[in-house]
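J.: Before I ask anything, here is the structure I am working with.
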Amino acid sequence: MEPNFIRQNKVLLIEVLSADHNLLLQHVQEKRLITTREYNNLRSGHDNAEKVTINLLDMLVNKGDERCAQFRQLLHRDTILETFPRLNDLLRTQQPAVSTENPGIPATEVSGILSRLRTYGEGSAEVGSYTMTSVPLGPCLIINNVNFKDKAPRHGSNEDKNALMDVFSWLGFEVKVLTDLTAQEMKNELEKCSKEVAGDCFVCCILSHGRSNFVLGSDDELLSTEDILSPFKGHNCQTLAGKPKLFFIQACRGTDTQNAVEIQADDPQADARPLSFFFIPADADILVSYATVNNYYSYRNTMTGSWFIQSLCKRLREGSCRGEDILTILTGVNDDVCREQGRHHGKMAKQVPEQCVRLRKRLIFSVPK
Numbered sequence: 002m003e004p005n006f007i008r009q010n011k012v013l014l015i016e017v018l019s020a021d022h023n024l025l026l027q028h029v030q031e032k033r034l035i036t037t038r039e040y041n042n043l044r045s046g047h048d049n050a051e052k053v054t055i056n057l058l059d060m061l062v063n064k065g066d067e068r069c070a071q072f073r074q075l076l077h078r079d080t081i082l083e084t085f086p087r088l089n090d091l092l093r094t095q096q097p098a099v100s101t102e103n104p105g106i107p108a109t110e111v112s113g114i115l116s117r118l119r120t121y122g123e124g125s126a127e128v129g130s131y132t133m134t135s136v137p138l139g140p141c142l143i144i145n146n147v148n149f150k151d152k153a154p155r156h157g158s159n160e161d162k163n164a165l166m167d168v169f170s171w172l173g174f175e176v177k178v179l180t181d182l183t184a185q186e187m188k189n190e191l192e193k194c195s196k197e198v199a200g201d202c203f204v205c206c207i208l209s210h211g212r213s214n215f216v217l218g219s220d221d222e223l224l225s226t227e228d229i230l231s232p233f234k235g236h237n238c239q240t241l242a243g244k245p246k247l248f249f250i251q252a253c254r255g256t257d258t259q260n261a262v263e264i265q266a267d268d269p270q271a272d273a274r275p276l277s278f279f280f281i282p283a284d285a286d287i288l289v290s291y292a293t294v295n296n297y298y299s300y301r302n303t304m305t306g307s308w309f310i311q312s313l314c315k316r317l318r319e320g321s322c323r324g325e326d327i328l329t330i331l332t333g334v335n336d337d338v339c340r341e342q343g344r345h346h347g348k349m350a351k352q353v354p355e356q357c358v359r360l361r362k363r364l365i366f367s368v369p370k
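Start counting the sequence shown at 2; every next residue gets the next number (this note's numbering).
Put into structure tokens, the structure is as follows:
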């Protein structure tokens, strides 16, 4: 009986699932395993994560076998297993025995076969393409920082902004452009956007100076990539849970030059202050595309825009018409940018973009009719 799975493994389930009980509650509510009132009661109390998890498991057991079976099935979701990797071992050791009419095949072997078939079927159901049918497709937020407190203006950035506006409007996004925001204003705007977002996809483009895993506000203050992504994580933005969230960042990430029109670096006066390093969070359904790899300059033609953004917009338009997914498009962008070259401080300047991909499915933009 399925309730025995919860009862027999309750201590381990509490220990594992309480690590992110908010994410768990969102999935449980999405599958309608509990009522909205029960969800609100679990969320609104002052109990700690462990107590909330205990109450949830008790609630599911009291709802009977079918509800417990649905909960166990929910634990096989890719997002759940990525968040709670210890569940993999638990679920593998809890496969029920299966009887067979053929005495020549042991029940344990049949169980293993059915388990593999069941896992294959579940994986196949998840593999495919993201749904991209809403109208509008979703919001596209473009933050274009051109003028700064003490740093040089980013001449040519408006060319990038215009190209991004054109291509994402063409793809069906509702585009919003903000100019010369301070670091705090950028953070506030991203948090506001995460609370109002609707649609099948979200796009954020940030054009600015930068350092390592930071971008600069117009006040020369730093905003971390973590602060950019955090408002859109599953537990902070439930409306985008399971939906693709794309971030394109045109900014320097250091002062090294990769080893000729006149070009300008996106942080020509980077200082040598030590910066703490952090890893991109491994949340699902997020893609972050950087103009350059960590510790290196990115480049921008002061008349025609940056190598990265101009190639991105061109490839998005051409690739979408061919039915290419976003990773194929970005591979083409990498190739385009690698072929570019210019001169910076008397040296040959080269550049290669970098992507952090947490997508679970293929992302294909529909060609506008």
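Even for Gly, the Cβ is constructed at its ideal location relative to N, Cα and C.
Quick one: Cα of Cys-141 to Cα of Met-187, how far?
T.: 14 Å
J.: Is it buried or exposed, Lys-150, if we count other Cβ atoms within 10 angstroms and call 16 or more buried?
T.: Lys-150 is exposed by the Cβ-count criterion.
J.: What residues match up with Gln-27 in a beta bridge as DSSP calls it?
T.: Residue pairing for Gln-27: DSSP places it in no beta bridge.
J.: Please classify Arg-363: does DSSP put it in a helix, a strand, or coil?
T.: strand
J.: Would you mind working out which of Gly-243, Leu-18, Ala-153 sits nearest Asn-49, comparing C-alpha positions?
T.: Among Gly-243, Leu-18, Ala-153, the Cα nearest to that of Asn-49 belongs to Leu-18.
J.: If I'm right that Asp-181 touches Asn-148 with Cβ under 8 Å, what's the distance once you round it to whole angstroms?
T.: 5 Å
J.: Looking only at its own chain, which residues have a Cβ that is under 7 Å from the Cβ of Gly-320, when we skip the five neighbours before and after it?
T.: Thr-329, Ile-330, Gly-333
J.: Can you grab the Cα-Cα spacing for the pair Ala-153 / Val-176, in whole Å?
T.: When only Cα atoms are considered, Ala-153 and Val-176 end up about 27 Å apart.
J.: Within a Cβ cutoff of 7 Å, which residues of the same chain sit near Lys-370, ignoring the five residues on either side of it in sequence?
T.: none
J.: Which same chain residues, not among the five before or five after Arg-316, have their C-beta less than 6 Å away from its C-beta?
T.: Ile-330, Gly-333, Val-334
J.: Out of Arg-361, Thr-293, Glu-197, which has the shortest C-alpha to C-alpha gap to Pro-245?
T.: Arg-361
J.: Kindly confirm or deny that the region 10-29 and the region 82-96 touch, where touching means at least three C-beta pairs closer than 8 Å.
T.: yes
J.: Can you check DSSP and say which residues form a bridge with Pro-140?
T.: Glu-175
J.: Are there 16 or more other CB atoms within 10 angstroms of the CB of Gln-251, so buried, or fewer, so exposed?
T.: buried
J.: With DSSP as the reference, label Ala-252 as helix, strand or coil.
T.: coil
J.: Taking the straight line between their C-alpha atoms, what separation do you get for Glu-31 and Gln-239?
T.: Counting only the Cα atoms, Gln-239 lies some 10 Å from Glu-31.
J.: What are the uninterrupted segments assigned as alpha helix (DSSP H) that are 4 or more residues long and contained completely in the region 312-351, given in chain order?
T.: 327-340
J.: Using beta-carbon positions only, say whether Cys-202 and Met-304 come within less than 8 Å of one another.
T.: Taking 8 Å as the Cβ cut-off, Cys-202 and Met-304 do not qualify as a contacting pair.
J.: In chain order, what residues of the same chain have a beta carbon less than 6 Å from the beta carbon of Met-166, not counting five sequence neighbours either side?
T.: Val-176, listed in sequence order.
J.: Could you check which residue in Arg-212, Gln-185, Gln-356 has the C-alpha nearest to that of Asp-220?
T.: Gln-185
J.: Just mark Gly-306 as buried or exposed, buried being the case when its beta carbon has 16 or more other beta carbons within 10 Å.
T.: That one is buried.
J.: What is the rounded straight-line gap between the Cα of Lys-351 and the Cα of Ser-213?
T.: Straight-line Cα distance between these residues: approximately 17 Å.
J.: DSSP three-state call for Gly-180: helix, strand or coil?
T.: The sequence shown places Thr at residue 180, not Gly. In the structure shown, Thr-180 sits in a strand (DSSP, three-state: E or B).
J.: Please tell me whether Asn-146 and Gly-218 are closer than 8 Å, where the distance is taken between their beta carbons.
T.: yes
J.: Label Val-368 either buried or exposed according to how many other C-beta atoms from any shown protein chain fall within 10 Å of its C-beta, with 16 as the threshold for buried.
T.: exposed
J.: Going by DSSP, name the residue or residues bridged to Phe-233.
T.: Bridge partners of Phe-233: none, in fact.
J.: Does the Cβ of Glu-341 have 16 or more other Cβ atoms within 10 Å, making it buried, or fewer, making it exposed?
T.: That one is buried.
J.: Considering only C-alpha positions, which residue in the set Leu-208, Asn-189, Gly-243 is nearest to Pro-232?
T.: Asn-189
J.: Out of Leu-14, Asn-63, Phe-6, Arg-68, state which residue places its alpha-carbon closest to the alpha-carbon of Val-29.
T.: Arg-68
J.: Any idea which residues DSSP pairs Arg-44 with across the strands?
T.: Answer is none; Arg-44 lacks a bridge partner.
J.: Roughly how many angstroms separate the alpha carbons of Ile-454 and Cys-253, rounded to a whole number?
T.: Look at the range of the chain in this structure, 2 to 370, and you will see that residue 454 is not part of it.
J.: May I have the straight-line CA-CA distance separating Leu-288 from Arg-155, to the nearest angstrom?
T.: 25 Å
J.: Name the DSSP bridge partner or partners of Leu-288?
T.: Paired residue(s): Leu-247, Val-358.
J.: Relative to the C-alpha of Ile-207, which candidate in Ile-229, Gly-157, Glu-192, Arg-38 has its C-alpha closest?
T.: Ile-229
J.: Can you tell which of Leu-61, Thr-84, Arg-363 has its C-alpha closest to the C-alpha of Asn-23?
T.: Thr-84
J.: Below 8 Å between beta carbons: does that hold for Gly-200 and Gly-129?
T.: The answer is no: Cβ separation not under 8 Å.
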